[in-house]
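Residue numbers (our numbering): 11 to 230.
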Amino acid sequence: MKKLVIFDLDGTLLDTVADLAHSTNYALELCGFPVHPVSAYKQFVGNGINKLFERALPEGMKTEENVLKIRSYFVPYYNEHNMEASAPYPGILSLLNTLREKGIQLAVASNKYQTATEALVNHYFSEFSFTAVLGQREGIPVKPDPSIVYEILQRAGVRKEDTLYVGDSGVDMQTAFRAGIISAGVTWGFRPRADLEENQAVYIVDTTEEIAALALATHG
Numbered sequence: 011m012k013k014l015v016i017f018d019l020d021g022t023l024l025d026t027v028a029d030l031a032h033s034t035n036y037a038l039e040l041c042g043f044p045v046h047p048v049s050a051y052k053q054f055v056g057n058g059i060n061k062l063f064e065r066a067l068p069e070g071m072k073t074e075e076n077v078l079k080i081r082s083y084f085v086p087y088y089n090e091h092n093m094e095a096s097a098p099y100p101g102i103l104s105l106l107n108t109l110r111e112k113g114i115q116l117a118v119a120s121n122k123y124q125t126a127t128e129a130l131v132n133h134y135f136s137e138f139s140f141t142a143v144l145g146q147r148e149g150i151p152v153k154p155d156p157s158i159v160y161e162i163l164q165r166a167g168v169r170k171e172d173t174l175y176v177g178d179s180g181v182d183m184q185t186a187f188r189a190g191i192i193s194a195g196v197t198w199g200f201r202p203r204a205d206l207e208e209n210q211a212v213y214i215v216d217t218t219e220e221i222a223a224l225a226l227a228t229h230g
C-alpha cells in the first residue's frame, strides 16, 4: 500500500478550465487581443499561467511584456472568479475519503500559482488534511521539473517507492518520471490519452476507483 498520493490540481482533482478560460479571455479582451473558446484552453494550460498567456496570445505578440500585461489583469480577476464554474470531478471526494481512511497522506503539486492553489484546495477540499499544497512559487521551477515532488516527499517523510503521483497531462507524467515515482494518468482531464502514453505514464486510469486500487495494492 502506498503511504502518499500526490495529485495534480487542474484537470485531475478539479475541472477548472471554464474559470481559467473566462479569466484569460477577460484579460485578452482588455488588452485588445482576440479571445478563445473554452475548449481551446485545455491545450493552453498545464505549464503555469505565464505559459498559458503566451499560448493564448496571437502569433507575433507572444512577448514577455504582453504576458506580464495579461497577467496583471488576469490574477485579480481570477482570484475573484475562480470558483464560479469549477468543481471536483465525479468520484474525487469519495477517493480522497477512501485514502484518508487508510491513513494515506495526501498532497497537491500544481503549476497554478500558490495563492490560487491554496484557495481552491481550501474551498473544495476543506474536510481533508493535506501534507502539502504546493503551487507555482517564485524561484521554484515549474513541473515537469521534479523539485516540487522532492519537497513534498521531504515534508511527508515518505520514500519514492511508497508514493503514487496522479495527473492528467504529459507534464505530470514527465514530472513523476523525472522524480522516479509511479504515475497514474487520468483520462477525464484536459489532455488526451495519447499525451499520457507519450510521456511515460506507468498507468492510465479511467475512474477514481482505479486510483484507489493502485494506492491500496500490496505490491507494485
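Note that CB positions come from ideal geometry on N, CA and C, so glycine has one too.
A quick note: this is a predicted structure, and the numbers were derived from the prediction, not measured.
Endpoints, the alpha helix (DSSP H) within which residue i is located
| i | result |
| --- | --- |
| Y87 | E74 to H91 |
| T173 | From DSSP, T173 is part of no alpha helix (DSSP H) but of the beta strand (DSSP E) over T173 to G177. |
| A8 | Because the chain in this structure spans residues 11 to 230, residue 8 falls outside the shown range and cannot be described. |
| V159 | S157 to A166 |
Buried versus exposed call for residue i [16 or more other C-beta atoms within 10 Å across all chains shown]
| i | result |
| --- | --- |
| A227 | exposed |
| A97 | exposed |
| L30 | buried |
| L23 | buried |
| T26 | buried |
| G230 | Low per-residue confidence applies at G230: pLDDT is 48, beneath 50, and the placement is therefore not dependable, though the value from the model is reported in the following sentence. Result: exposed. |
| P154 | buried |
| A204 | exposed |
Length of the line joining the Cα atoms of residue i and residue j
| i | j | result |
| --- | --- | --- |
| H46 | S33 | 11 Å |
| N121 | E137 | 23 Å |
| L224 | T218 | 10 Å |
| P86 | Y123 | 12 Å |
| F140 | G70 | 42 Å |
| R65 | I80 | 12 Å |
| T108 | A222 | 7 Å |
| Y51 | Y36 | 13 Å |
| I206 | G177 | According to the sequence as given, residue 206 is Leu; it is not Ile. Taking the straight line joining both Cα atoms gives about 9 Å. |
| I158 | F200 | 21 Å |
| F43 | E128 | 30 Å |
| P100 | G21 | 12 Å |
| I162 | P68 | 37 Å |
| G195 | L105 | 15 Å |
| F187 | E208 | 12 Å |
| V48 | I59 | 16 Å |
Backbone secondary structure at residue i - three-state DSSP
| i | result |
| --- | --- |
| G195 | strand |
| D182 | helix |
| D205 | helix |
| G230 | Reliability fails at G230, whose pLDDT of 48 lies under 50, so the model's placement of it is uncertain and the value that follows must be treated cautiously. The answer is coil: DSSP assigns G230 none of H, G, I, E or B. |
| D29 | helix |
| L67 | coil |
| L23 | coil |
| F187 | helix |
| K170 | helix |
| K61 | helix |
Range covered by the beta strand (DSSP E) that runs through residue i
| i | result |
| --- | --- |
| F17 | L14 to F17 |
| V215 | Y213 to V215 |
Checklist entry - Residue ranges of each beta strand (DSSP E) run of no fewer than 3 residues wholly in the stretch 83-150, ordered along the chain? => result 115-123 and 142-146
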